[in-house]
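Counting with this note's numbering, you get residues 1 to 271 for the letters of the first sequence. Every residue gets a Cβ at the ideal spot worked out from N, C-alpha and C, and that includes glycine. Quick caveat, the model's predicted, so the values are computed rather than measured.
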Amino acid sequence: MPELPEVETTRRGVGPLLEGRQISAVKVRNPRLRQPVLASLPQRLDGLRLRAVERRAKYLLFRFDVGSLIVHLGMSGSLRIVKPGTAFKKHDHVEITFDSTLCLRLHDPRRFGLMVWTEEPLAEHRLLRHLGPEPWDEQFTGAYLRKGSHRRTAAVKNFIMDSSIVVGVGNIYASESLHRAGVHPNRAAGRISQRRYGAIVVAVREVLEEALEAGGTTLRDFVHSDGEPGYFRFKLKVYGRTGQRCSCEHGIIRQQVIGQRSSFYCPKCQH
DNA sequence: CCCGATTCCTGTAGGC
DNA sequence: TGCCTACAGGAATCGG
């Protein structure tokens, strides 16, 4: 389940290998993703030179001189780089070959991902224009969250997972961040002090940074590794640990559905 | 505007 | 062993 650290790890893995290279072939094996892959994508991309691989929220942005390819990995997507002629695996949906020597493959069993071509300025694209700040943006502060949560009655966990508020906080890291900040996930967003929102900001950044660091450990093997992605080395403190003792030593971790998603918290150290 | 519910999809796990 | 069901979740969309 790619969350922001996984997407950023992917960007750092594929970017240096592909930037500056020219597309020599594109094959769409299955266009049925969250949005259909443009039928004319092969013609559209042919001969283009990749200038940069960037990231905005959980979107990867492959930038060319004339436009950009927006890629989202959904919840089961991954990108891999293989040599031409490597056997396709089930659910390898799109292959983009660079310089006839490296193939970028989009693999996505559940097909919640997407691959969209645009020539619009990216900031104005409908997929990107409503997104809130990145977690490391200086705009993302306790004061900002306090202001944005004014009169909001929804659970704080849903609030921080709202991508128009802040991007990159998925279900797993939302539980982890709130645990670290000592805030109960079901507390109404509008009933949390600025000071406590400040703690949430710090916690979100720390959790994402640590997960990113863990992902980075397998970066050098990115191309050939078939093992577990590095971010699984990130130690989850509450997610998936129902019934286990919290690291605070006082509480037993509980699971509760909030906003149709499983949420995990310690009743002793989160309020 | 706000918020909850629903939808897309398939691999995996658990019950029988 | 095999069948069935529940569950996982990002984000768009819809309805109240």
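- Each residue's CA atom was taken as its position, placing Ile23 and Phe98 some 4 Å apart.
- Pro36 and Lys27 have their C-alpha atoms some 14 Å from each other.
- Here DSSP, grouped into helix, strand and coil, assigns Ala189 to helix.
- Contact between Ala203 and Arg180 holds, with the beta-carbon distance rounding to 4 Å and staying under 8 Å.
- The bridge partners DSSP lists for Thr242 come to none.
- Taking 8 Å as the cut-off, the Cβ atoms of Val53 and Leu60 count as close.
- DSSP places His72 in no alpha helix (DSSP H) but in the uninterrupted beta strand (DSSP E) bounded by 68-72.
- DSSP places Lys147 in the uninterrupted alpha helix (DSSP H) bounded by 142-148.
- Along the length of the segment 35-103, whole beta strand (DSSP E) runs at least 3 residues long occupy 50-56, 59-64, 68-72, 78-82, 92-98, reported in chain order.
- Going by C-alpha positions, Pro5 is about 23 Å away from Ser247.
- Less than 8 Å divides the Cβ of Lys157 from the Cβ of Ser263.
- Residue pairing of Thr118 in beta bridges, as defined by DSSP: Ser68.
- Gly142 and Tyr265 have their C-alpha atoms roughly 21 Å apart.
- In the structure shown, Phe112 falls within a coil segment according to DSSP collapsed to helix, strand and coil.
- Following the DSSP letters along the chain, one finds Val14 inside the alpha helix (DSSP H) bounded by residues 4-18.
- Taking each of Ser164, Lys147, Arg105, Glu124 in turn and checking the Cα distance to Leu131, the smallest one comes out for Ser164.
- Contact check for Leu208 against Pro135 passes: the beta carbons are separated by less than 8 Å.
- Collapsing the DSSP output to three states places Ser262 in a strand.
- Under the 8 Å Cβ criterion, the segment 68-86 does not count as touching the segment 143-157, having fewer than three qualifying pairs.
- DSSP lists no beta-bridge partner residue for Leu33.
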